[in-house]
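Enquirer: Sequential numbering from 820 applies to the sequence shown in the numbering used here. Don't be surprised by glycine CBs; every beta carbon is placed ideally from N, CA and C.
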Amino acid sequence: WGMEMLDATERSNLLEVIDTRHGKLSTVVASQLPVDKWYGMIGEATFAEAILDRLIHRAIRLPLTGESMRKQQSNLTHADQNE
C-alpha cells in the first residue's frame, strides 16, 4: 500500500472495495507510508476524500517502530550491510 500513486482504475476499485466493506467488515491496511501521505498517493481529490473518510473514520492505528523483522531474523546489522 502506497508504494506508487494509484491510477484511475485502481482508485475506483479501491473505493468500491472500501465502500462495500465500510460499516460491515474489518479492513486491515499496512503501509510504510505515513497516513498524512496517503491523500497524495491516492491522487484525485474526490476519491481521496471518500476513501480516507471511510478508512480513517473508525480506524485503530497500530504504529510499528524499530528494525525490520527481516534484519532481526537474519542477524544483520548496519555494519554487516556496509561490508
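Does the Cβ-Cβ distance between residue 871 and residue 858 come in under 8 Å?
Expert: For residue 871 and residue 858, yes; Cβs fall inside 8 Å.
Enquirer: Select from 891, 894, 838 and 833 the residue whose C-alpha is nearest the C-alpha of residue 861.
Expert: Measuring from the Cα of residue 861, the nearest candidate turns out to be 833.
Enquirer: Mind reading off the beta-carbon distance from residue 837 to residue 873? Whole number of angstroms is fine, and I expect it under 8 Å.
Expert: Contact holds; Cβ gap of about 5 Å.
Enquirer: Is residue 850 helix, strand or coil by DSSP?
Expert: coil
Enquirer: How close, in whole Å, do the beta carbons of residue 849 and residue 820 come, if the pair is a contact with beta carbons under 8 Å?
Expert: Correct: roughly 6 Å between the Cβ atoms.
Enquirer: First and last residue of the alpha helix (DSSP H) that includes residue 884?
Expert: DSSP places residue 884 outside any alpha helix (DSSP H), giving it a letter other than H or E.
Enquirer: Hey, how far is the Cα of residue 854 from the Cα of residue 824?
Expert: 14 Å
Enquirer: Quick check on residue 827: does DSSP put it in helix, strand or coil?
Expert: Of the three classes helix, strand and coil, the one that applies to residue 827 here is helix, per DSSP.
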